[in-house]
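Trainee: For what it's worth, full-length UniProt numbering labels the leading residue of the sequence shown as 1, then goes sequentially. Glycine included, each C-beta is placed from N, C-alpha and C at the ideal position.
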Amino acid sequence: MSVTVGTPVSSVMTNKRRVGALKSLGVLTVGDALTYYPFRVTDPVPLRSIREARIGEPMAFAAEVRAVRVSSSGARGNGRLEVVVDDSAFAASRRQPGAMARLVFFSHKKQYLDWMSGRLRQGTCVVVAGAPGVFNDQLQFTHPEVLTVGVHPTSRYRFVREENQPLDVRNASLGAPTSPRPDVESPEEGLARVCRPRPVYHASSRISSDHIHDSILDMLRLLAESGDSAASEEKEEEDSRARLLSGLARAIPDILPERIRADKDLMHRAEAFLNIHDPVSTKEFHRAIATLRYEEAFVCQTALLQARAHAGHASAEPCPDTALRDAMIDSLPFDLTGGQREVIDSIAADMSRDHPMQRLLQGEVGSGKTVVALAAMLQAVGSGRQAVLVAPTQVLAEQHHRTIAAMVDRMAEQAAMDSDGHPLSAPPVILLTGGMKLAARRRALATAASGEPCIVVATHAAFSKTFQAPNLALAVIDEQHRFGVEQRESLRGKALSGKAPHLLVMTATPIPRTAAMTWFGDLDISWLTELPGGRKPIRTFVIPEADGHLMGSMFAHIRQRIDAGERAYVVCSRIDDADETGEGDVLDETMAEPMRPVVGDAARSDAGTVAPPRPLHTVVQIAERLTKLPQFQGVRFATLTGRDDDATKQQVMAGFASGETPILVSTTVIEVGVDVPQASCIVVFDADRFGLSQLHQLRGRVGRGGTPSWSFLVSQAEPGSLGEQRLAVIRDTTDGSTIAEEDLRLRGAGDVLGDAQSGGKSSLKLLRVVKDADLIVDARERAEALLAEDPELDGEVELAGAVLDFTRGNETYLTSS
Ligand code: ADP
Ligand code: MG
Numbered sequence: 001m002s003v004t005v006g007t008p009v010s011s012v013m014t015n016k017r018r019v020g021a022l023k024s025l026g027v028l029t030v031g032d033a034l035t036y037y038p039f040r041v042t043d044p045v046p047l048r049s050i051r052e053a054r055i056g057e058p059m060a061f062a063a064e065v066r067a068v069r070v071s072s073s074g075a076r077g078n079g080r081l082e083v084v085v086d087d088s089a090f091a092a093s094r095r096q097p098g099a100m101a102r103l104v105f106f107s108h109k110k111q112y113l114d115w116m117s118g119r120l121r122q123g124t125c126v127v128v129a130g131a132p133g134v135f136n137d138q139l140q141f142t143h144p145e146v147l148t149v150g151v152h153p154t155s156r157y158r159f160v161r162e163e164n165q166p167l168d169v170r171n172a173s174l175g176a177p178t179s180p181r182p183d184v185e186s187p188e189e190g191l192a193r194v195c196r197p198r199p200v201y202h203a204s205s206r207i208s209s210d211h212i213h214d215s216i217l218d219m220l221r222l223l224a225e226s227g228d229s230a231a232s233e234e235k236e237e238e239d240s241r242a243r244l245l246s247g248l249a250r251a252i253p254d255i256l257p258e259r260i261r262a263d264k265d266l267m268h269r270a271e272a273f274l275n276i277h278d279p280v281s282t283k284e285f286h287r288a289i290a291t292l293r294y295e296e297a298f299v300c301q302t303a304l305l306q307a308r309a310h311a312g313h314a315s316a317e318p319c320p321d322t323a324l325r326d327a328m329i330d331s332l333p334f335d336l337t338g339g340q341r342e343v344i345d346s347i348a349a350d351m352s353r354d355h356p357m358q359r360l361l362q363g364e365v366g367s368g369k370t371v372v373a374l375a376a377m378l379q380a381v382g383s384g385r386q387a388v389l390v391a392p393t394q395v396l397a398e399q400h401h402r403t404i405a406a407m408v409d410r411m412a413e414q415a416a417m418d419s420d421g422h423p424l425s426a427p428p429v430i431l432l433t434g435g436m437k438l439a440a441r442r443r444a445l446a447t448a449a450s451g452e453p454c455i456v457v458a459t460h461a462a463f464s465k466t467f468q469a470p471n472l473a474l475a476v477i478d479e480q481h482r483f484g485v486e487q488r489e490s491l492r493g494k495a496l497s498g499k500a501p502h503l504l505v506m507t508a509t510p511i512p513r514t515a516a517m518t519w520f521g522d523l524d525i526s527w528l529t530e531l532p533g534g535r536k537p538i539r540t541f542v543i544p545e546a547d548g549h550l551m552g553s554m555f556a557h558i559r560q561r562i563d564a565g566e567r568a569y570v571v572c573s574r575i576d577d578a579d580e581t582g583e584g585d586v587l588d589e590t591m592a593e594p595m596r597p598v599v600g601d602a603a604r605s606d607a608g609t610v611a612p613p614r615p616l617h618t619v620v621q622i623a624e625r626l627t628k629l630p631q632f633q634g635v636r637f638a639t640l641t642g643r644d645d646d647a648t649k650q651q652v653m654a655g656f657a658s659g660e661t662p663i664l665v666s667t668t669v670i671e672v673g674v675d676v677p678q679a680s681c682i683v684v685f686d687a688d689r690f691g692l693s694q695l696h697q698l699r700g701r702v703g704r705g706g707t708p709s710w711s712f713l714v715s716q717a718e719p720g721s722l723g724e725q726r727l728a729v730i731r732d733t734t735d736g737s738t739i740a741e742e743d744l745r746l747r748g749a750g751d752v753l754g755d756a757q758s759g760g761k762s763s764l765k766l767l768r769v770v771k772d773a774d775l776i777v778d779a780r781e782r783a784e785a786l787l788a789e790d791p792e793l794d795g796e797v798e799l800a801g802a803v804l805d806f807t808r809g810n811e812t813y814l815t816s817s
């Protein structure tokens with residue numbers, strides 16, 4: 001049967017349980033197996049004779065079994081197998097005297113010990129790898145790796161080689177498939193196999209790293225054989241690794257243009273896969289990773305540049321009239337910041353063209369993005385068109401609707417006062433949400449459908465078919481990164497002309513520039529960096545929860561602020577004890593402490609022991625606890641979680657804004673965009689378990705009214721732990737992009753943009769958006785150069801295919817939300 005990268009795993013593997021286990025890891029095809037990358041590689045194990053052993057250091061040697069003893073210690077049925085081995089022949093090859101050592105195996109399964117003692121009969125030649133210890137004054141290997149060798153023990157060894165000289169590994173593990181017994185044909189083969197660096201994979205309870213490795217090696221071998229049979233039998237005597245490689249190269253064509261591969265000294269794609277899953281040395285392993293990492297960057301940048309070039313051909317309604325916009329700006333009670341003015345100018349230029357603007361506006365929380373959005377919308381409306389602003393939640397849509405309607409009203413009043421005769425008519429500002437009363441929603445839909453120039457503030461309801469705006473020329477998406485091609489297309493369908501609306505995407509979640517370039521490469525990017533109105537930065541404190549005294553002073557401080565007429569948020573990750581997952585972006589235990597290992601880094605192995613997860617505080621429990629505190633006598637509390645319906649949410653927010661319930665205990669539902677200017681304090685419980693960017697977002701909820709403000713990060717992180725270091729980052733920096741980079745560095749790439757991207761669907765597996773910034777820039781430049789010569793990639797068929805796959809994969813993850 002001919003095997004290709006598209007062949008399902010189930011048709012090349014007979015072991016159904018293993019097929020199932022691989023499937024649960026997202027490995028469905030041979031190609032998936034190739035890109036199931038290990039997260040680290042073990043160091044090669046040195047050859048040492050027993051005499052050369054160092055306690056606790058891994059080593060490998062060949063020996064002969066002298067004696068075997070099975071003993072079972074009755075009561076608990078714990079059996080023990082002792083094997084004495086003698087390394088004389090091997091030691092002689094290293095000009096060392098031979099010696100004896102003991103191999104010990106424990107098990108409560110008799111079957112296992114029988115099987116092992118069956119393999120290790122007296123006189124058998126074995127290859128042993130492990131770290132020795134000392135027991136009863138004798139060198140002992142406990143549960144070493146042992147391979148049986150199918151040669152007569154007295155045959156001559158060929159180990160005479162200098163120290164440090166690389167092993168001859170050409171005939172190693174991927175050579176001939178091994179027969180069930182013995183494990184290897186020669187001591188050299190066995191030693192090469194146990195000594196070489198080995199990749200370590202993320203395993204699961206259903207399949208171990210070693211079994212994943214074996215499966216991938218099997219599939220590589222099958223692929224290579226398929227590639228090989230397609231060719232001739234030209235090279236009989238060529239060694240097996242070279243055979244393997246040439247077979248693989250036929251099965252896995254290269255994607256990178258040859259010139260770039262040569263320039264950057266990268267491997268062929270097939271060679272890279274082989275060296276990742278079956279590395280000859282750690283150096284080659286890392287070169288292989290570097291190769292595929294560059295390839296990802298290059299494919300990604302080519303795809304984005306091509307998408308941008310194609311979008312350049314789409315047409316849009318030009319909106320050149322800025323009079324209404326200027327009237328609004330003149331009526332503002334404050335001056336625009338330099339940054340706001342610049343962005344508004346870029347938008348004005350974009351929107352006056354007849355092809356669609358595609359701009360991403362990044363601005364710190366409180367940097368004043370709403371005014372910028374309104375300016376853009378008034379340019380559309382002033383030019384006789386319609387504009388829609390899409391917010392991620394009902395609460396936010398309502399809040400935007402209020403602020404925008406107020407600004408538009410003020411503009412109309414101001415203009416009426418200034419003007420000499422022709423009053424300026426304010427455009428309608430319409431709210432459209434799924435939760436609205438039917439009559440009100442019908443009215444809103446009718447106004448939009450009439451084509452009358454207006455501003456629509458909406459939730460996702462804007463993407464539904466019932467919303468039609470025949471004159472739509474601008475869409476603003478607020479606080480939403482997972483907005484993709486499908487939704488863009490749905491907006492395009494709104495306008496009667498069929499032309500694409502201009503698009504402005506706004507986000508406060510800081511995304512490092514390189515990340516933005518990776519994911520939003522087809523958008524222009526603007527940045528608002530300063531906070532308007534001379535706002536005072538938020539003071540951030542890390543409070544160890546165990547420090548009762550400090551906790552007490554924190555509560556007393558909050559009481560003072562409340563008595564001064566301010567408000568406080570208290571955030572917990574879970575609603576109640578029934579809430580297992582928690583809301584928002586809480587790190588799971590494995591990520592919070594050892595941190596997700598990054599491919600190629602000497603990250604900690606999966607063997608690290610992790611303490612049982614401690615339960616996270618809940619809204620219910622904390623609200624109850626705080627109400628009882630003497631510091632909060634007579635203060636009214638409210639709670640808010642994602643489980644509350646919209647009406648309740650609205651009511652609770654109103655009570656909080658008015659000061660009736662000045663303390664709000666909630667989940668992270670308050671994270672995005674909520675604006676209560678009197679809020680001056682925020683307490684986050686279990687802060688060590690939140691993502692840094694999310695903590696930064698949360699603290700942005702306070703200090704929006706120009707008062708000094710405080711954020712308290714209550715933590716149970718151990719002194720000196722990573723958790724503590726992470727909180728120090730957020731305490732010491734208020735710069736969003738520094739925090740985002742740090743967060744990325746500590747957590748790996750996918751998480752910043754949401755879970756969908758970090759899962760199997762993302763086409764980016766190796767690329768690290770911060771660490772690989774230089775590489776991405778290089779890839780972008782080369783991709784630009786290539787596309788300038790060959791815009792449709794006619795001369796690069798394999799690359800064109802990879803770009804198509806990438807674009808398709810991305811559509812899935814950019815649109816899922
Ligand atoms: P965000 O970027 O987080 O959406 P907003 O647009 O909600 O920020 O602005 C935060 C607050 O700052 C609002 O109350 C807004 O009126 C005010 N603001 C915006 N621009 C300026 C400015 N140039 N000078 C003073 N205050 C401003
Ligand atoms: Mg906002």
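Assign proline 537 to buried or exposed, taking buried as 16 or more other Cβ atoms, counted over all protein chains shown, within 10 Å of its Cβ.
Mentor: With fewer than 16 other Cβ atoms within 10 Å, it is exposed.
Trainee: Closest Cβ-Cβ distance between lysine 369 and chain C: below 8 angstroms?
Mentor: Among the protein chains of the structure shown there is no chain C, as only one such chain exists.
Trainee: If you measure between the beta carbons of valine 146 and leucine 103, is that distance less than 8 angstroms?
Mentor: Cβ distance < 8 angstroms, so valine 146 and leucine 103 count as in contact.
Trainee: At a threshold of 7 angstroms, does valine 365 count as lining the ligand ADP (C-beta to nearest heavy atom)?
Mentor: Correct: valine 365 has its Cβ closer than 7 angstroms to the ligand ADP.
Trainee: Give the single residue among Leu25, Arg17, Met357, Thr29 whose Cα lies nearest to the Cα of serine 11.
Mentor: Minimum Cα distance to serine 11 is reached at Thr29.
Trainee: CB of aspartate 735 to nearest heavy atom of the ligand ADP: below 7 angstroms?
Mentor: No, the ligand ADP has no heavy atom inside 7 angstroms of this Cβ.
Trainee: The beta strand (DSSP E) spanning isoleucine 663 covers which residue range?
Mentor: Note, isoleucine 663: beta strand (DSSP E), 663-666.
Trainee: Glycine 634 to glycine 339, Cα distance in whole Å?
Mentor: Going from the Cα of glycine 634 to the Cα of glycine 339 covers about 44 angstroms.
Trainee: Determine the closest residue to aspartate 354 out of Met653, Leu692, Pro318, Ala323, with distance taken between C-alpha atoms.
Mentor: The option with the nearest alpha carbon to aspartate 354 is Pro318.
Trainee: Quick check on this structure: which residue in Arg196, Glu479, Ala500, Arg443 has the alpha carbon closest to the alpha carbon of asparagine 471?
Mentor: Of the listed residues, the one whose Cα sits closest to asparagine 471 is Ala500.
Trainee: Would you tell me roughly how many angstroms separate the C-alpha atoms of alanine 728 and methionine 653, rounded to the nearest one?
Mentor: Cα to Cα, the separation comes out at about 31 angstroms.
Trainee: Taking 7 angstroms as the cut-off, is the C-beta of threonine 370 nearer than that to any heavy atom in the ligand MG?
Mentor: Flag set: Cβ of threonine 370 near the ligand MG.
Trainee: Report yes or no: do the region 350-370 and the region 462-470 share at least 3 C-beta pairs separated by less than 8 angstroms?
Mentor: Short answer: they don't touch.
Trainee: Using CA coordinates, which residue listed in Arg206, Glu185, Leu274 is at the minimum distance from arginine 198?
Mentor: Out of Arg206, Glu185, Leu274, Leu274 has the C-alpha closest to the C-alpha of arginine 198.
Trainee: I want to know whether the region 564-580 touches the region 390-401 - three or more CB-CB distances under 8 angstroms.
Mentor: No: the two stretches stay apart, fewer than three of their Cβ pairs being nearer than 8 angstroms.
Trainee: What's the C-alpha gap between valine 126 and glycine 133?
Mentor: In a straight line, the C-alpha of valine 126 is about 19 angstroms away from that of glycine 133.
Trainee: Just confirm the distance between the C-beta atoms of alanine 572 and histidine 502, as a whole number of angstroms; I'd bet it's less than 8 angstroms.
Mentor: For the sequence presented, residue 572 should be read as cysteine rather than alanine. At roughly 41 angstroms, the Cβ-Cβ gap does not stay under 8 angstroms, so cysteine 572 and histidine 502 are not in contact.
Trainee: Tell me whether alanine 800, by its Cβ, gets closer than 7 angstroms to a heavy atom of the ligand ADP.
Mentor: Result no, Cβ not under 7 angstroms from the ligand ADP.
Trainee: At the level of alpha carbons, what is the spacing between glycine 760 and leucine 767?
Mentor: Since pLDDT at glycine 760 reaches only 34, below the 50 mark, its modelled position is unreliable, and the value read off the structure follows with that caveat. Roughly 14 angstroms between the two C-alpha positions.
Trainee: Are the CB atoms of glycine 642 and threonine 661 nearer to each other than 8 angstroms?
Mentor: Not closer than 8 angstroms, so no.
Trainee: Which value, in whole angstroms, describes the spacing of the CA atoms of aspartate 790 and lysine 283?
Mentor: Those two C-alpha atoms are separated by around 35 angstroms.
Trainee: Where do the ends of the beta strand (DSSP E) carrying serine 502 lie?
Mentor: Per the sequence shown, residue 502 should be read as histidine rather than serine. Note, histidine 502: beta strand (DSSP E), 502-507.
Trainee: When the Cα atoms are used, what is the spatial distance from histidine 277 to phenylalanine 541?
Mentor: Taking the straight line from one Cα to the other gives about 46 angstroms.
Trainee: Straight-line CA distance for methionine 13 to lysine 765?
Mentor: When rounded, the distance between both Cα atoms is 25 angstroms.
Trainee: Which of the three DSSP states is assigned to glycine 79 in this structure?
Mentor: Of the three classes helix, strand and coil, the one that applies to glycine 79 here is strand, per DSSP.
Trainee: Tell me the rounded alpha-carbon separation between arginine 95 and glycine 190.
Mentor: Going from the Cα of arginine 95 to the Cα of glycine 190 covers about 20 angstroms.
Trainee: Tell me which residues share the same chain as leucine 695 and place their Cβ nearer than 7 angstroms to its Cβ, disregarding the 5 neighbours each side in the sequence.
Mentor: Excluding residues within five positions, the ones whose Cβ falls inside 7 angstroms are Val684, Ala687, Leu713, Ile730.
Trainee: Taking only the alpha-carbon atoms, compute the straight-line gap between phenylalanine 463 and valine 777 and give it to the nearest angstrom.
Mentor: Using only the alpha carbons, I get a separation of about 35 angstroms.
Trainee: Under 7 angstroms Cβ to Cβ from alanine 578, same chain only, skipping five residues before and after it: list those, please.
Mentor: The answer is none, since no qualifying residue turns up.
Trainee: Please report the straight-line C-alpha distance between glycine 552 and serine 715, rounded to a whole angstrom.
Mentor: Straight-line Cα distance between these residues: approximately 15 angstroms.
Trainee: For the beta strand (DSSP E) that valine 19 lies in, which residues bound it at each end?
Mentor: Per DSSP, valine 19 belongs to no beta strand (DSSP E); it is in the alpha helix (DSSP H), 16-24.
Trainee: Assuming tyrosine 36 contacts leucine 25 under a Cβ cut-off of 8 angstroms, what Cβ separation, rounded to an integer in Å, is found between them?
Mentor: Yes, tyrosine 36 and leucine 25 are in contact; Cβ-Cβ is about 7 angstroms, under 8 angstroms.
Trainee: Just to confirm my understanding: we take aspartate 254, look at its own chain, exclude 5 residues before and 5 after, and list those with CB closer than 6 angstroms. What are they?
Mentor: Around aspartate 254: His268, Arg269.
Trainee: For alanine 101, which of helix, strand or coil comes out of DSSP?
Mentor: Strand at alanine 101.
Trainee: How many Å lie between valine 200 and proline 392 at the Cα?
Mentor: Roughly 40 angstroms between the two C-alpha positions.
Trainee: Alpha carbon to alpha carbon, how far is glutamate 781 from threonine 507?
Mentor: Going from the Cα of glutamate 781 to the Cα of threonine 507 covers about 27 angstroms.
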